[in-house]
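Working notes for the structure below.
Residue numbers (full-length UniProt numbering): 1 to 427.
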């Protein structure tokens, strides 16, 4: 009897061991096969894990894309390549944050204890003054303001239009003051003033003639691309969330060869907004490695990269042309059909930012009731009349550019609710 018990016990143990072996084999094969690297996805921790390795790096979790991973290295290279291609730049620098982070980074790298000049065409070029004063950066800064054109007869006296300082006057001031850096907005977000290429080129030539650096803010330019080398721009600032149809996640600073050299020769006064350090970070990725300065918004940058790729597929030249077609349609709708007067004067009207005078301070809320979000006006910081009231229309993103006629029609339906009758002012 005992022999039979031992035999049965041996058989049970063998069966148990076989089951255990099968279970272990199944675990290895299905969950973490020995022949394959273990990943957060394969281990069942988070099946949709974006990084190809298990995440124990201290920096991120399994649900985030690691800055050391191969997929993120490609994100950095792709973004750098596309930005440099479009703007004809030598270097691309990505700084976590927003466009303003890029502005402050350039200011803290190039303007410390220098005499600088700002072309102010509205509130968002007043931001340079804000940055300088909050951070005590330059030893002196000279402001050159946009100039107003009196309202025509029959128009409210405060509904004036603005244009940049005449280029001849600006050149004269540059030659006289000899700024180390000139900061200017390509498109001013608060007024919709656009600087034409010829204006930008003459401005840059003048500042280079006195040994200075040219910085152009293109955050609100949309797909009105700027040729940095052709126009003489040393630093161009942009961001993913407007012209590039991506999420707000970074300030983008494009540098010319001269701009890159100047950045490496100067020292920033910021840790986080350190243009020189972030240039070195991109250097590391371009050399096939990676680098850490502060934690990067890796997943948002991945989304931004994918949106940029869609713009490239759409066609950069096509996006440029469609932007002007869309802007023309919207400005005609505002002016001809609704009698709304543009803040930007003729010859300087941006296609992507349309700002118009309107006496109703609650007009933005009326757009909301029509299912549409616009932006209320902001102060211009140009010495405008205190009764000035405006609202702003942004025409950014591939979804608007793909079909300008439909975009204008969609806006018109909302405009008919917010501004049902034409107003007296025209222009």
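Think of the CB as a built atom: it goes at the ideal place given N, C-alpha and C, for glycine as much as any other residue.
Here the structure is a predicted model, which is why all the values come from computation and not from measurement.
CA-to-CA distance, residue 167 to residue 299, given in whole angstroms: 43 Å
Where DSSP assigns a beta bridge to residue 357, which residues make up the other side? 390
Quick one: residues in its chain with C-beta nearer than 7 Å to the C-beta of residue 176, no 5 flanking neighbours on either side, listed in chain order? none
Reduced DSSP secondary structure (H/G/I, E/B, other) of residue 400: helix
What residue range does the alpha helix (DSSP H) around residue 371 cover? No alpha helix (DSSP H) holds residue 371; DSSP gives it neither H nor E.
Residue ranges of each beta strand (DSSP E) within the stretch 53-128, 3 or longer: 91-96, 115-120
Of the listed residues 204, 362, 354, 137, nearest to residue 222 (C-alpha basis): 354
Taking only the alpha-carbon atoms, compute the straight-line gap between residue 382 and residue 162 and give it to the nearest angstrom. 9 Å
Could you have a look at residue 270 and say whether DSSP puts it in helix, strand or coil? coil
Over the uninterrupted alpha helix (DSSP H) stretch that includes residue 213, give me the two end residues. That residue, residue 213, is in no alpha helix (DSSP H); its beta strand (DSSP E) goes 213-217.
Of the listed residues 137, 144, 398, nearest to residue 430 (C-alpha basis): Given that the chain is displayed from residue 1 to residue 427, the structure contains no residue 430 and the question cannot be resolved.
Here's a check: name, in chain order, each residue in its chain whose Cβ is nearer than 7 Å to the Cβ of residue 316, leaving out the five neighbours to either side. Same-chain partners within the cutoff: 86, 225.
Is there contact here, the stretch 206-215 with the stretch 229-238, by at least three beta-carbon pairs under 8 Å? yes
What are the uninterrupted segments assigned as beta strand (DSSP E) that are 3 or more residues long and contained completely in the stretch 158-190, given in chain order? Here the runs fully enclosed are 161-163, 181-185.
Residue 335 (DSSP reduced to helix, strand or coil): helix
Boundaries (first-last residue) of the beta strand (DSSP E) holding residue 148: 147-149 is the span of the beta strand (DSSP E), which, as asked, contains residue 148.
Who are the Cβ neighbours of residue 51 in its own chain at under 6 Å, not counting the five residues just before and after it? The answer, listed in chain order, is 65, 66, 69.
Of the residues 410, 409, 343, the one placed nearest residue 156, counting alpha carbons only: 343
Can you tell me which of the three DSSP states residue 420 falls into? coil
Spell out the partners DSSP gives residue 342 in its beta bridges. In the DSSP output, where bridge partners are listed per residue, residue 342 has 356.
Check residue 260 in the structure and name its three-state DSSP category. Here residue 260 sits in helix by DSSP.
Buried or exposed: residue 277, going by 16 or more other Cβ atoms within 10 Å of its Cβ? Answer is buried; the Cβ neighbour count reaches 16.
Residue 118 and residue 183 look like a contact to me (Cβ under 8 Å); what is the Cβ gap, rounded to whole Å? 5 Å
Between the C-alpha atoms of residue 193 and residue 71, what's the straight-line distance to the nearest angstrom? 39 Å
Residues that residue 349 bridges to, as DSSP identifies them: 193
Hey, residue 402 and residue 348: beta-carbon distance below 9 Å or not? no
Find out if the Cβ-Cβ distance for the pair residue 185, residue 195 is shorter than 9 Å. yes
Closest to residue 385 by CA distance: which of 79, 159, 77 is it? 159
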